[in-house]
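The next block holds one structure in the form of structure tokens; read it before the comments.
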Amino acid sequence: MGKLKTFKGGIHPEYNKELSSSKAIRPAPIPERLIVPLSQHVGAPCDPIVSAGERVELGQKVGHSEAYVSAYVHSPVTGVVEEIVSRKNFAGQTVTCVVIAADKEQADFPKRSGFALESFTGEQIREIARDAGLVGMGGAAFPTHVKLSPPKDKPVDTVIINACECEPFLTCDYRLMIERADDLISGALMLKKAVGAERVIIGVEANKQDAADILKSKASGTPEVSVELIEVKYPQGAEKMLIYALTGRKVPPGKLPSEVGCLVQNVGTAVALFEAVAWGKPLYERVVTVTGPGINEPANLLVRVGTPISVLIDACGGYSREAPGKLIMGGPMTGWAQEDASTPVVKGTSGVVVLGKEAGAVVEESECVSCGKCIIACPMMLTPNLIVRSAKRGQWDRAKEFGALDCFECGCCSFECPAYIPHIKYVRRAKSMLATATK
Ligand code: SF4
Ligand code: SF4
Numbered sequence: 184m185g186k187l188k189t190f191k192g193g194i195h196p197e198y199n200k201e202l203s204s205s206k207a208i209r210p211a212p213i214p215e216r217l218i219v220p221l222s223q224h225v226g227a228p229c230d231p232i233v234s235a236g237e238r239v240e241l242g243q244k245v246g247h248s249e250a251y252v253s254a255y256v257h258s259p260v261t262g263v264v265e266e267i268v269s270r271k272n273f274a275g276q277t278v279t280c281v282v283i284a285a286d287k288e289q290a291d292f293p294k295r296s297g298f299a300l301e302s303f304t305g306e307q308i309r310e311i312a313r314d315a316g317l318v319g320m321g322g323a324a325f326p327t328h329v330k331l332s333p334p335k336d337k338p339v340d341t342v343i344i345n346a347c348e349c350e351p352f353l354t355c356d357y358r359l360m361i362e363r364a365d366d367l368i369s370g371a372l373m374l375k376k377a378v379g380a381e382r383v384i385i386g387v388e389a390n391k392q393d394a395a396d397i398l399k400s401k402a403s404g405t406p407e408v409s410v411e412l413i414e415v416k417y418p419q420g421a422e423k424m425l426i427y428a429l430t431g432r433k434v435p436p437g438k439l440p441s442e443v444g445c446l447v448q449n450v451g452t453a454v455a456l457f458e459a460v461a462w463g464k465p466l467y468e469r470v471v472t473v474t475g476p477g478i479n480e481p482a483n484l485l486v487r488v489g490t491p492i493s494v495l496i497d498a499c500g501g502y503s504r505e506a507p508g509k510l511i512m513g514g515p516m517t518g519w520a521q522e523d524a525s526t527p528v529v530k531g532t533s534g535v536v537v538l539g540k541e542a543g544a545v546v547e548e549s550e551c552v553s554c555g556k557c558i559i560a561c562p563m564m565l566t567p568n569l570i571v572r573s574a575k576r577g578q579w580d581r582a583k584e585f586g587a588l589d590c591f592e593c594g595c596c597s598f599e600c601p602a603y604i605p606h607i608k609y610v611r612r613a614k615s616m617l618a619t620a621t622k
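Heads up: the sequence shown begins at 184 in the working numbering, then just goes up one per residue.
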């Protein structure tokens with residue numbers, strides 16, 4: 184094999200995917216009570232359109248917003264609305280939630296059959312994505328219908344499926360590639376039609392050769408779909424890094440992928456679009472990897488949105504003797520540490536990772552030793568050390584000059600830093616101060 188494509192910078196953390204990679208997707212238990220946040224996405228939160236005491240059907244819309252940048256929310260079960268409450272979400276923000284008591288018996292979703300892609304226009308696919316409440320399922324949770332509507336003067340010629348899953352520990356996308364390859368390719372072709380692109384490239388990290396082989400064989404009769412292996416490196420799945428690795432195109436700072444004719448969507452989103460278009464199924468469940476040294480039986484679970492993560496931990500044999508360390512929603516690089524396991528799963532939850540005791544130890548940051556490791560690691564070619572220095576001094580414009588606004592919070596800088604400096608904490612402070620200053 185020749186040299187694999189990649190980007191400059193990045194890191195090579197321990198991937199630890201073997202804990203769950205061989206575990207086929209299985210359904211998680213449906214809890215008696217689900218807590219469904221009405222803001223699970225980038226953009227305007229939804230308003231509840233159901234009230235306490237009302238019966239709801241599986242897949243019924245329970246949250247609506249007139250705002251274009253938003254994503255509707257649907258009931259993950261058939262049951263009765265218990266109450267509408269405000270509570271903290273995984274990121275510590277207070278959001279409105281619909282609490283639903285699930286019926287004991289749950290019927291399967293009534294799938295539509297007889298699907299043919301030719302009978303859908305691009306506009307219809309975009310509308311279905313909106314009606315189904317689709318969002319980017321790699322974690323960012325950006326509303327899919329908005330991404331599928333790039334500016335008219337920025338035509339998209341290439342759809343890229345992010346099949347890297349470069350976050351350590353996570354294997355939910357890998358299992359979808361193995362188990363749902365046909366649906367993934369159909370979803371990719373729907374994305375292509377929705378934006379009028381010419382081709383689809385599925386970018387797979389080289390540590391998933393078997394998944395790439397399956398996808399290649401399934402796509403062999405579809406010349407507009409290609410599967411490319413790329414180097415194993417974090418954050419290979421970040422949009423700008425992936426576009427550069429696969430097409431050689433550079434998205435300018437502050438611009439979107441459509442600037443260079445690309446649309447990037449994650450594996451889970453492509454499968455969810457397939458389900459929405461072919462089956463008429465809204466996004467109310469997703470695959471979540473539950474793993475880490477603190478979990479007895481790591482697994483890939485199909486989980487209803489609104490399920491507390493404690494239910495998933497129990498379904499995986501509970502905490503191991505390594506726990507309690509750190510409980511993370513998402514992957515260890517970009518996920519959110521949780522204080523307890525009552526947080527409900529949302530559309531963007533790709534994993535629940537429980538690290539061992541040593542990860543729970545508090546490490547104090549020390550002074551920067553000017554080693555430059557953070558600069559070498561930064562895939563955006565920023566100077567993270569200088570962003571931190573500026574932020575510590577309250578020099579927000581200087582932080583901006585050093586690229587604070589271009590930082591996408593991948594965490595490579597902190598990973599390499601011998602002084603244990605939490606760069607992202609300072610970047611977020613700078614972003615928030617700069618945003619306040621422009622209001
Ligand atoms: S500065 Fe931002 S983009 Fe660069 S390595 Fe650090 S977190 Fe990643
Ligand atoms: S890696 Fe840490 S210690 Fe080294 S230059 Fe960057 S901030 Fe300073």
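Cβ coordinates follow ideal geometry from the N, Cα and C atoms, glycine included.
On a predicted model such as this, the values are computed, not experimentally measured, just so you know.
Practice task
Return the CA-CA distance between Ile-397 and Asn-199, expressed in angstroms with no decimal places.
Solution key: 22 Å
Problem - Identity of the residue in Ile-426, Glu-310, Leu-456 and Lys-335 nearest Asp-365 by Cα - result: Of Ile-426, Glu-310, Leu-456 and Lys-335, the residue nearest in Cα terms is Leu-456.
Exercise for the section: Take Cys-596 as the anchor and find which of Ser-332, Pro-196 and Arg-581 has the nearest alpha-carbon. Expected result: Pro-196
Handout entry: Which listed residue (Thr-532, Gln-276, Gln-243 and Val-610) has its alpha carbon closest to that of Leu-565
Key = Val-610
Exercise for the section: State yes or no: is the C-beta of Glu-350 nearer than 6 Å to some heavy atom of ligand 1? Expected result: Not one heavy atom of ligand 1 lies closer than 6 Å to the C-beta of Glu-350.
Handout entry: Whole-angstrom distance between Ile-343 and Gly-577, CA atom to CA atom
Key = 39 Å
Problem - Contact test: Gly-555 Cβ vs ligand 2 heavy atom, cutoff 6 Å - result: yes
Exercise for the section: Would you give the residue range spanned by the beta strand (DSSP E) that Leu-569 belongs to? Expected result: In the DSSP assignment, Leu-569 falls outside any beta strand (DSSP E) and lies within the alpha helix (DSSP H) extending over 567 to 575.
Practice task
Indicate whether the contact test is met: 3 or more Cβ pairs, each with one atom in the region 494 to 503 and one in the region 204 to 212, closer than 8 Å.
Solution key: yes
Problem - Where Val-552 falls, given that 16 or more other Cβ within 10 Å makes a residue buried - result: exposed
Handout entry: Residues sharing a beta bridge with Cys-280, DSSP
Key = Pro-220 and Val-268
Exercise for the section: With DSSP collapsed to three states, give me the class of Gly-246. Expected result: strand
Exercise for the section: Return helix, strand or coil for Gln-289, following the three-state DSSP convention. Expected result: When DSSP states are grouped into helix, strand and coil, Gln-289 belongs to the coil group.
Handout entry: Thr-619 versus Val-447: straight-line alpha-carbon distance, rounded
Key = 30 Å
Problem - Straight-line Cα distance separating Thr-474 from Ala-482 - result: 6 Å
Exercise for the section: Flag this pair as yes or no: are the beta carbons of Ala-395 and Val-410 separated by less than 7 Å? Expected result: yes
Handout entry: Met-512 (DSSP reduced to helix, strand or coil)
Key = strand
Handout entry: Gly-242 versus Glu-541: straight-line alpha-carbon distance, rounded
Key = If you take the alpha carbons of Gly-242 and Glu-541, they lie about 42 Å apart.
Practice task
Pick helix, strand or coil for Lys-191, following the three-state DSSP scheme.
Solution key: coil
Handout entry: For Glu-468 and Pro-259, the rounded distance between their alpha carbons
Key = 7 Å
Practice task
Can you tell me which of the three DSSP states Leu-484 falls into?
Solution key: strand
Practice task
Compute the Euclidean distance between the alpha carbons of Lys-464 and Glu-350, then round it to the nearest angstrom.
Solution key: 28 Å
Problem - Cβ pair Val-536, Pro-515 closer than 7 Å - result: yes
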